[in-house]
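Undergrad: Going down the list, the sequences are from chains A and B. Numbering-wise (the working numbering), the first sequence opens with residue 1 and increments by one. Numbering-wise (the working numbering), the second sequence opens with residue 1001 and increments by one. Glycine residues also receive a C-beta, built at the ideal position from the N, C-alpha and C atoms.
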Amino acid sequence: MLVLAITCLMGWGLLSAPDLLRSAQASPIGARRTVAIAVLQPFARLSDMLGLDRLTVGTDRVLGHDQPAAVGPPVVHVPFPTAASSSDQETPTSAPSAVPDPGGLAGYPYVPLLTPPTSLHPLSVLIVGDSIGIDMGEGLSRLLDARGPFRPRLDGHESTGLARPDFFNWPNQLARDLRQDHPGLVVAMMGANDAQNFLIGGRLVSFGSAAWAGIYRQRVSGLMAEVTESGHPMIWVGMPVMGSGSLSAAVKLINSIALSEAVLHPGVAYVDTWSLFVDGKGHYAAYLPDASGRKELVRTPDGIHLTPAGGDRLALAVWQSLRTLWS
Amino acid sequence: MLFPTIDFAIFFVVVFLGHWLLNPHPRPWKVFMIVASYVFYGWWDWRFVFLLAAATVIAQVGARAVERAPDPRRRRPLLAATVTGLLGLLVWFKYYGFLSLNFDNALHGIGLGPPLPLMQVALPIGISFFTFMAISYVVDVSRGELRTASWLDVAVYLSFFPHLVAGPVVRGRELLPQVRKRRDPRRIDYARAGYLIFGGLFKKVVISSFLASAIVDPVFGTPGQHASLEILVAIYAYAVQIYADFSGYTDIAIGVALLLGFRFPENFNAPYAARSMQDFWRRWHMSLSRWLRDYLYVPLGGSRGRKWKTYRNLMITMVLGGLWHGASWTFVLWGAYHGACVAVGRLRRQHRAARGLPELDDRPGSAFVQRVVTFHLVCLGWVFFRADSVSTALALLGRLVSSLGPAPAVTPLVLAVIAGAIAAQYLSRDLSASLQDRFSRLGPTVQGAALAAGLYIITTLGPQGVAPFIYFRF
């Protein structure tokens, strides 16, 4: 039994060492990651010496697991009409310091007006995001399907965000999506997984620090620019209040960065969803009344994700913002 | 702790070594196994270990009181109190939100205010499994079919980590004798254990994950964007996904238990080869079917009374069996649908018996038709099981017949995986036994190398990260 187990684990360890090391490097920063990397590095070196890593690299390439950089024709950068020229509104020169108080949707109408979609010219809507983005995206897809002249497509990836491009690279993914879909509009919702430290060049950057906020701001800005500079308008959906106080505080910081960057990027509207999931006292609420006054469960027991009813509620808020683009 | 993770691999190496080192010393072994199982359970949320401990205490105190009661009349209230206590845990954690929300809305409909505070209670993983096991222990003691075990034995029985979070629902009389007996490491069927664990991993990590991401989740998430053909194939795919997911978990659980010298009952036997809905329930989640039969259907009167009472008992059992899967109207409907199907099947068999015919038509070709019809009836039920609401299920079924168009999600690979998984249900058990036999005759180094290659294939074909098992939330 011992010989069998050792042979199996050693054999698998050597064959999978490059993948395992890559997974370990992309795992949350901490002691567990450090230990895993220390254990796996000798395996990866041995695998390299024996040439076994070539098998893994080849297999990953065949299966498309190697996440290549964006391939295909380059994105055409279309000059984007400025908010002022399209809606006669002034672009603010400075970003607000915090998320507006709950109490309403903060739609920042700097997205250029779109041609009203018709059945002959439906609006293609690309929805991207993390797991909460998926909850919202499924609701929005249902809603747009029911409304008519829309072609929504949801590209959601669980456990992703902008904090760990080594784990999942949203800019690359978005570039592929834009090239494939040529959407009339992009709706993005992510950030709940980003309340974590960064490791930049071996240096730990703590979540919430000024350095962290600066780096995160660059990443949000980069994603918004990627969409708008390609000629696509964008709606950035902020995160709702969370069941845990500490996560709520973290998400508030992330929302404030996204909002301030949305204001600086003509072509991006920000939808504040914070107040959609609070009770009369402004506290997190899992049950909320629907339009008829009947209560419905809108959040899952983890206090983070949305039930289908919650996804529909959030989608309706996005829709209210979205329809202003052509009305 | 999920089975297909590095965390579990490390945990199991430690437990495996500790288990066999302490095997000759029963008392330290039991303490070690309880601690290990509680660590396994507490990995999700350490607070829930108190719940597991509470269920153990209620079951053991109740079982002892029931056993000591001098006559059956005194046993009954003690048994009722114990079962109520155990069901109370289950109802509070699993059904409080559902019940209070529906009660609240019913009163709102007639203009009355909220009677109960609406609270979201976190659902502890596996609570339905260990409470059912605890109930079976107490009921078996009250029936005189089982003697009460020691505190340590009961704690090991209820918390034993291989079955803890998603079954199988092992009875006290199946596991407690094995807990008491010293295990012989020379009699462990390592080849069978390896076959089960690797087969289970393949089903879960490769087949279930692939079908979920390739077609099931997109179609059930946004049915309005998909054509009839995609919806039809997604329903077939979900049938395969839930089978691969749940039977995969069970296979791993049975294999892990086998490595520790324990034998669990079978939980699946080619369910999609069933020839009737009754036959399906003899093959699907067999340990739960047996539990529902012995601790719900039979105590309700089973088929002993009048005909209508038999059907009533059948419907109650199936509806409650549906509700066991989750606090939602979709599960209630799913249970009622299966109850109705089983009832119609029973009625049909009785009519055939009255005409002197065998229960099922055995003419050539009939078995094939029966299997196809049964599979599609089961698939129809899965629509309600998987959909997030009754309206989504109905929307899916509506689009199934009304939404012609291109079906890009239906790829040759998706079809091949579905066809392969269903075809595998028809493989002879002898073939599987023969493969295991051949594997067991190989030397340990060759076996290890083969398993390493198998593990490499599974981890390479599988997605990054592992989704929780579907049955964890039950």
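Below 7 Å on C-beta distance, what does H1108 (chain B) contact in chain A?
TA: Residue 1108 (chain B) sits at position 108 when you count from the first residue of the second sequence. Under the 7 Å cutoff, chain A gives G293 and R294.
Undergrad: Spell out a yes or no on whether the region 1201-1209 of chain B and the region 116-136 of chain A are touching, meaning 3 or more CB-CB pairs, one atom from each, closer than 8 Å.
TA: no
Undergrad: Report the rounded CA-to-CA distance for R313 (chain A) versus G139 (chain A), giving the unit in angstroms.
TA: Sequence index remark: in the first sequence, residue 313 (chain A) carries index 313 (1-based). Sequence index remark: in the first sequence, residue 139 (chain A) carries index 139 (1-based). Answer to the nearest angstrom: the Cα atoms are 8 Å apart.
Undergrad: Cutting at 7 Å between CB atoms, please list the residues of its own chain near W1092 (chain B), excluding the five before and the five after it.
TA: For the purposes of this step, residue 1092 (chain B) is taken as the residue at position 92 of the second sequence. V1121.
Undergrad: Measuring only between beta-carbons, confirm whether D145 (chain A) sits less than 7 Å from chain B.
TA: Here residue 145 (chain A) refers to the residue found at position 145 of the first sequence. By this cut-off, D145 (chain A) is an interface position.
Undergrad: Can you name the residues of chain B whose CB is closer than 7 Å to the CB of M1 (chain A)?
TA: Indexing the first sequence from 1 puts residue 1 (chain A) at position 1. Those are Y1190, listed as they occur along chain B.
Undergrad: Could you check where the beta strand (DSSP E) with K295 (chain A) kicks off and where it finishes?
TA: Counted from its first residue, the first sequence places residue 295 (chain A) at position 295. Element bounds for K295 (chain A): K295 to L297.
Undergrad: Below 8 Å, how does it come out for the region 1251-1266 of chain B and the region 1161-1173 of chain B: are there three or more Cβ pairs, yes or no?
TA: yes
Undergrad: Comparing C-alpha positions only, which one of B:D1251, B:L1260, B:I1231 and B:P1177 sits nearest to D1189 (chain B)?
TA: Position 189 of the second sequence, counted from the first residue, corresponds to residue 1189 (chain B). The shortest Cα separation from D1189 (chain B) among B:D1251, B:L1260, B:I1231 and B:P1177 belongs to B:L1260.
Undergrad: Taking the CB atoms as reference points, tell me whether L143 (chain A) and A315 (chain A) lie closer together than 7 Å.
TA: By 1-based counting over the first sequence, the position of residue 143 (chain A) is 143. By 1-based counting over the first sequence, the position of residue 315 (chain A) is 315. Contact: yes.
Undergrad: Got a sec: is the Cβ-Cβ distance from W12 (chain A) to anything in chain B below 7 Å?
TA: Along the first sequence, one-based indexing puts residue 12 (chain A) at 12. W12 (chain A) counts as touching chain B.
Undergrad: Where do the N-terminal and C-terminal ends of the alpha helix (DSSP H) with D1437 (chain B) fall, by residue?
TA: Taking the first residue of the second sequence as 1, we reach residue 1437 (chain B) at position 437. R1429 to S1440 is the extent of the alpha helix (DSSP H) around D1437 (chain B).
Undergrad: For L1158 (chain B) versus K1030 (chain B), is the C-beta distance shorter than 7 Å?
TA: Residue 1158 (chain B) sits at position 158 when you count from the first residue of the second sequence. Residue 1030 (chain B) sits at position 30 when you count from the first residue of the second sequence. Against a cut-off of 7 Å, the Cβ pair of K1030 (chain B) and L1158 (chain B) comes out as no contact.
Undergrad: Grab me the residues of L15 (chain A)'s own chain with a C-beta within less than 8 Å of its C-beta, minus the 5 sequence neighbours each way, in chain order.
TA: In the first sequence, counting from the first residue as 1, residue 15 (chain A) sits at position 15. Excluding positions up to five away in sequence, the list reads S47, L52, L55 and T56.
Undergrad: In this structure, how does DSSP classify G267 (chain A) when only helix, strand and coil are distinguished?
TA: Residue 267 (chain A) sits at position 267 when you count from the first residue of the first sequence. Of the three classes helix, strand and coil, the one that applies to G267 (chain A) here is coil, per DSSP.
Undergrad: Excluding five sequence neighbours on each side, which residues of the same chain lie with their C-beta closer than 7 Å to the C-beta of P361 (chain A)?
TA: Here chain A covers residues 1 to 327 and nothing more, so residue 361 (chain A) does not appear.
Undergrad: Would you kindly report the start and end of the unbroken alpha helix (DSSP H) that includes P1412 (chain B)?
TA: Residue 1412 (chain B) sits at position 412 when you count from the first residue of the second sequence. From DSSP, the alpha helix (DSSP H) with P1412 (chain B) extends over P1412 to A1424.
Undergrad: Pick helix, strand or coil for D155 (chain A), following the three-state DSSP scheme.
TA: Position 155 of the first sequence, counted from the start, is the residue given in the question as residue 155 (chain A). It is a strand residue.
Undergrad: Quick check on Q1120 (chain B) - is its C-beta less than 7 Å from some C-beta in chain A?
TA: Here residue 1120 (chain B) refers to the residue found at position 120 of the second sequence. Yes - at least one Cβ of chain A is within 7 Å of the one on Q1120 (chain B).
Undergrad: Mind checking the region 1017-1030 of chain B against chain D and listing, in chain order, the residues whose C-beta falls within less than 7 Å of any C-beta there?
TA: In summary, chain D is missing from the structure at hand, where the protein chains are A and B.
Undergrad: May I ask you to list, following chain order, the residues of the region 1421-1446 of chain B that have a beta carbon less than 8 Å from some beta carbon of chain A?
TA: P1444 and T1445
Undergrad: Identify whether I127 (chain A) lies in helix, strand or coil by the three-state DSSP scheme.
TA: In the first sequence, residue 127 (chain A) corresponds to position 127, counting from 1. In the structure shown, I127 (chain A) sits in a strand (DSSP, three-state: E or B).
Undergrad: Which residues mark the beginning and the end of the alpha helix (DSSP H) in which A1336 (chain B) is found?
TA: Taking the second sequence and counting its residues from 1, one reaches residue 1336 (chain B) at position 336. Looking at the DSSP string, the run of the alpha helix (DSSP H) that includes A1336 (chain B) is W1329 to A1354.
Undergrad: Step through the CB atoms of chain A and report whether any lies within less than 7 Å of the CB of A1059 (chain B).
TA: On the second sequence, position 59 is the one that residue 1059 (chain B) refers to. Cβ-Cβ to chain A under 7 Å: no for A1059 (chain B).
Undergrad: Going by DSSP in three states, W326 (chain A) sits in which element: helix, strand or coil?
TA: Within the first sequence, the letter at position 326 stands for residue 326 (chain A). In this structure, DSSP gives W326 (chain A) a state outside helix and strand, which the three-state scheme calls coil.
Undergrad: Say whether chain A places a C-beta atom closer than 7 Å to the C-beta of T1459 (chain B).
TA: Counting from one through the second sequence, the residue named residue 1459 (chain B) turns up at place 459. So yes, T1459 (chain B) belongs to the interface.
Undergrad: Determine the chain B residues that contact T59 (chain A) at a beta-carbon separation under 8 Å, and present them in chain order.
TA: Taking the first sequence and counting its residues from 1, one reaches residue 59 (chain A) at position 59. In chain order: T1460.
Undergrad: Mind the definition here: the region 1301-1310 of chain B touches the region 1274-1288 of chain B only if three or more C-beta pairs lie below 8 Å; say whether that holds.
TA: Because the criterion of three Cβ pairs below 8 Å is not met, the region 1301-1310 of chain B and the region 1274-1288 of chain B do not touch.
Undergrad: Can you tell me the Cβ-Cβ gap for V1083 (chain B) and V1138 (chain B), rounded? I've got them flagged as a contact below 8 Å.
TA: Reading the second sequence from its first residue, position 83 is the one you call residue 1083 (chain B). Reading the second sequence from its first residue, position 138 is the one you call residue 1138 (chain B). So it is a contact: roughly 7 Å between Cβ atoms.
Undergrad: If you measure from the beta carbon of L123 (chain A) to each beta carbon in chain B, is any gap under 7 Å?
TA: Looking up residue 123 (chain A) in the first sequence gives position 123. No, because no Cβ of chain B sits closer than 7 Å to the Cβ of L123 (chain A).
Undergrad: If we count Cβ pairs, one from each stretch, closer than 8 Å, do we get three or more for the region 293-304 of chain A versus the region 1217-1224 of chain B?
TA: no
Undergrad: CA-CA distance, R1283 (chain B) and Y1243 (chain B)?
TA: Against the second sequence, residue 1283 (chain B) aligns to sequence position 283. Against the second sequence, residue 1243 (chain B) aligns to sequence position 243. The straight-line gap from Cα to Cα measures roughly 11 Å.
Undergrad: With the cut-off set at 7 Å, would you say R1064 (chain B) and T1148 (chain B) are in Cβ contact?
TA: On the second sequence, residue 1064 (chain B) is found 64 positions in, with the first residue counted as 1. On the second sequence, residue 1148 (chain B) is found 148 positions in, with the first residue counted as 1. For R1064 (chain B) and T1148 (chain B), yes; Cβs fall inside 7 Å.
Undergrad: Just confirm the distance between the C-beta atoms of Y1238 (chain B) and R1386 (chain B), as a whole number of angstroms; I'd bet it's less than 8 Å.
TA: Taking the second sequence and counting its residues from 1, one reaches residue 1238 (chain B) at position 238. Taking the second sequence and counting its residues from 1, one reaches residue 1386 (chain B) at position 386. Their Cβ separation, rounded to whole angstroms, is 5 Å, which keeps Y1238 (chain B) and R1386 (chain B) in contact under 8 Å.
Undergrad: Can you tell which of B:G1109, B:A1433, B:R1275 and B:H1019 has its C-alpha closest to the C-alpha of D1362 (chain B)?
TA: Translated into positions along the second sequence, residue 1362 (chain B) becomes position 362. Residue B:R1275 is the option with its Cα nearest to D1362 (chain B).
Undergrad: When DSSP labels each residue in this structure, what does F1202 (chain B) get in the three-state scheme?
TA: Residue mapping note: residue 1202 (chain B) aligns to position 202 of the second sequence, counting from 1. F1202 (chain B): helix per DSSP, three-state reduction.
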